[in-house]
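Engineer:
Chains as they are written, first to last, in UniProt numbering: chain A, 1 to 342; chain B, 1 to 342.
#1: For the segment 200-211 of chain A, which residues have a CB atom closer than 8 Å to at least one CB atom of chain B, in sequence order?
#2: Please go through the segment 247-333 of chain A and give each complete beta strand (DSSP E) segment of 3 or more residues, from N-terminal end onward.
#3: At what residues does the beta strand (DSSP E) containing residue 40 of chain B begin and finish?
#4: Taking Cβ-Cβ distances shorter than 7 Å, what residues in chain A pair up with residue 163 of chain B?
#5: Sort B/161, B/195, B/166, B/110 by Cα distance to residue 234 of chain B and report the nearest one.
#6: Under 8 Å: do the segment 83-97 of chain A and the segment 323-339 of chain A share three or more Cβ pairs, one atom per stretch?
#7: For residue 321 of chain A, which option in A/222, A/70, A/141 has the closest C-alpha, if you only look at C-alpha atoms?
#8: Residue 160 of chain B touches chain A at which residues, Cβ-Cβ below 7 Å?
#9: Given a cut-off of 8 Å on the beta-carbon distance, is the pair residue 270 of chain A and residue 158 of chain A in contact?
#10: So, does the CB of residue 246 of chain B fall closer than 8 Å to a CB anywhere in chain A?
#11: Would you please verify whether the beta carbon of residue 266 of chain B is less than 8 Å from any beta carbon of chain A?
#12: Starting from the C-beta of residue 109 of chain A, find all residues in its chain whose C-beta is less than 8 Å away, skip the five residues before and the five after it, and write them out in chain order.
#13: Is there a C-beta anywhere in chain B that falls below 8 Å from the one on residue 88 of chain A?
#14: Nearest CA to the CA of residue 283 of chain B: which residue from B/40, B/245, B/210?
#15: Note down the Cα distance separating residue 350 of chain B from residue 194 of chain A, rounded to an integer number of angstroms.
#16: Hey, out of B/214, B/79, B/27, B/100, whose CA is closest to residue 56 of chain B's CA?
#17: My output table needs one value for residue 16 of chain B: the three-state DSSP class, helix, strand or coil.
#18: With respect to 7 Å, is the separation between the Cβ of residue 200 of chain A and the closest non-hydrogen atom of the ligand PLP below this value?
#19: For residue 332 of chain B, count the other beta carbons within 10 Å of its own beta carbon; 16 or more makes it buried, fewer makes it exposed. Which is it?
#20: Kindly indicate which three-state DSSP category residue 179 of chain B falls into: helix, strand or coil?
#21: Given that a residue counts as buried once 16 or more other Cβ atoms are within 10 Å of its Cβ, and exposed if not, what is residue 114 of chain A?
#22: Please decide whether residue 166 of chain B counts as near chain A, where near means a Cβ-Cβ distance under 8 Å.
#23: With a cut-off of 8 Å on the beta carbons, I'd call residue 43 of chain B and residue 17 of chain B a contact; round off their distance for me.
#24: At least one CB of chain C closer than 8 Å to the CB of residue 172 of chain A: is that the case?
#25: So, helix, strand or coil for residue 214 of chain B, using DSSP?
#26: Here's the rule: buried if 16 or more other CB atoms are within 10 angstroms of the residue's CB, otherwise exposed. What is residue 253 of chain B?
#27: Closer than 8 Å between beta carbons: that is the criterion. Which residues of the segment 229-245 of chain A meet it against chain B?
#28: Assuming contact is defined by CB atoms lying nearer than 8 Å, are residue 128 of chain B and residue 106 of chain B in contact in what I supplied?
#29: Which residues in the same chain have their Cβ closer than 6 Å to the Cβ of residue 277 of chain B, if we skip the five residues on either side of it in sequence?
#30: List, in order along the chain, the chain A residues whose C-beta lies closer than 9 Å to that of residue 145 of chain B?
#31: Mark residue 151 of chain B as exposed unless 16 or more other C-beta atoms lie within 10 angstroms of its C-beta, in which case mark it buried.
#32: For the segment 121-145 of chain A, which residues have a CB atom closer than 7 Å to at least one CB atom of chain B, in sequence order?
#33: Does DSSP put residue 94 of chain B in a helix, a strand or coil?
#34: Could you check which residue in B/125, B/169, B/112, B/258 has the C-alpha nearest to that of residue 139 of chain A?
#35: Let's see if you can read the secondary structure: which residues bound the alpha helix (DSSP H) around residue 158 of chain A?
#36: Is the Cβ-Cβ distance between residue 293 of chain A and residue 261 of chain A less than 8 Å?
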């Protein structure tokens, strides 16, 4: 009995094959398989390809379906779309899996870290925040994609830096800092020589993941001391913290009272730039705490040491009537804690 | 000798056939033919179709090319793309026109209103601002499309209202006013029952012109007294005025000193909601004037009484060595004037 678990991201996807005892047998990578971005057909083909390669890599028979396939993807709460995805997978690839379970990337991550709950803040290509209370109830903020949010994500950071440059050139808004590093980095990353050259990257050949990838250059600039790069990451820290503040009123009392204070699980590549976001993030949470959350005394930021696919596999197994033991303490790492001044 | 002139918009296009004496012989309409949005092939086919229908409507031989074809479209400053468009048109439809001229929608509008210059502020599906000085030099602000600007446009107004609703629901940002009118109008216009339902309209089936069309419902709400609708239009007024402030430092002294003060040519359907935008617009210009433009004593807002295609035809004719006399005073209408307090 093996269980597959797939994490579907805006830029790339990851499949993990797990034994009934919870051991990882094989991992495979794939391209972006988000059905919102690539369509249902590409999504299904990509998933099948990753799982079949994982079976072969683990030395298993590719014609024998896995016991369950747990998938986490953004947009995983849309019931009708998800059911269609599962129906199509069953029909097209009957040897893929016996049962299917789909959840959001946030819930998959949370299930990897804890069965008690907390707040998940995702900032990768896009961004999203989900509160999971100890009783299992969920409250979300964000996750609407780049056209209606994604605040604090790699896409948003890239966009903010480039928009600051456009507005400065147009004399529409004065940039808070020198724009030369961002200008040069943009010209190099997108291979353009002027603002006009950016238009295809914004429209005809726009690819969210490529656009968001510019964030890495900005992180390099910020680490090297460029003030505008540091500014956009500080703003991202504020934006991500605002997602937490948005769900604070719905946080169950018990989630504040553990040893770690409010546990915030941080998922996605943007969190690698935590040092650049820290001041903005801490400022917004301190302001919120000071304005009426007296029971909010401490928070801790956690990262996953294991792929969030593990939680997806666990939930998939549970859905199929099996249980997958997870050692939560081995799965997470506390990278920041803050206790507010009394 | 007849001259065609085409105005290419984000939502629809218009062709006008003009005699050598400047009389309009026929007008035809077509769909959006912006090559950035619909591709070069659809653009060329759409243009040919409109011109040929205009020839037939005017009782002229469709196989005889017009003398010149002047076209105004957003993105008309991109030399390489424009040359390719012209080359493709010549090759595919040799009976279309003898000569071609392409300019931006802003410059086409300005050429219809005046040969002395002024500031054009376009707010239709998208937005754009262009200063044309008496010596012909141009300075632009905006016009980068919905991914990087379009502030104050119908798209932007629609987006601002919907984003305000999303953020209120997420508890991310408190709405300044009751959201119920916007909620109901959105559900009705997009035929959705919740926020999730908006996702296809933002991504898979996103059409800028349809999304921007929601602005009409907001204008209705604003006129009927809804505070949030009024708020988004006030913000649009501010945003459009900021485009003018952006080019103010480059305005030639002489443009301030005419009878009308600084002439601002207002183009596009959003200006029909001027009454809703007025307070925000006037506020931003007053603030800018108070902060160091002592020679900026008065401004007047003008609309075109004739299609901006007329200016495009004039420029196309000029490019072909002909001249098309225009009675500018008959082409414009002053709908607002303001003199600052001394």
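The C-beta atom is built at its ideal place from N, Cα and C for all residues, glycine as well.
Quantities reported herein were computed from a predicted structural model and do not represent experimental measurements.
Structural biologist: Looking at the coordinates:
#1: 202, 203, 204, 206
#2: 262-267, 298-304
#3: From DSSP, residue 40 of chain B is part of no beta strand (DSSP E) but of the alpha helix (DSSP H) over 40-57.
#4: 148
#5: B/161
#6: no
#7: A/70
#8: What residue 160 of chain B touches in chain A: nothing, since even the nearest Cβ is about 11 Å away.
#9: no
#10: yes
#11: no
#12: 72, 120, 122, 265, 267, 304, 308, 311
#13: no
#14: B/245
#15: One cannot answer for residue 350 of chain B here, as it falls past the ends of chain B, which runs 1 to 342.
#16: B/27
#17: strand
#18: For the structure depicted, the ligand PLP is absent and the ligand set is empty, with no information on it obtainable.
#19: buried
#20: coil
#21: buried
#22: yes
#23: No, residue 43 of chain B and residue 17 of chain B are not in contact; Cβ-Cβ is about 19 Å, not under 8 Å.
#24: No chain C appears in the structure shown, which is made up of the protein chains A and B.
#25: helix
#26: exposed
#27: 242, 243
#28: yes
#29: 233, 236, 237
#30: 199, 202, 203
#31: buried
#32: 141, 142, 144, 145
#33: coil
#34: B/169
#35: 154-169
#36: no
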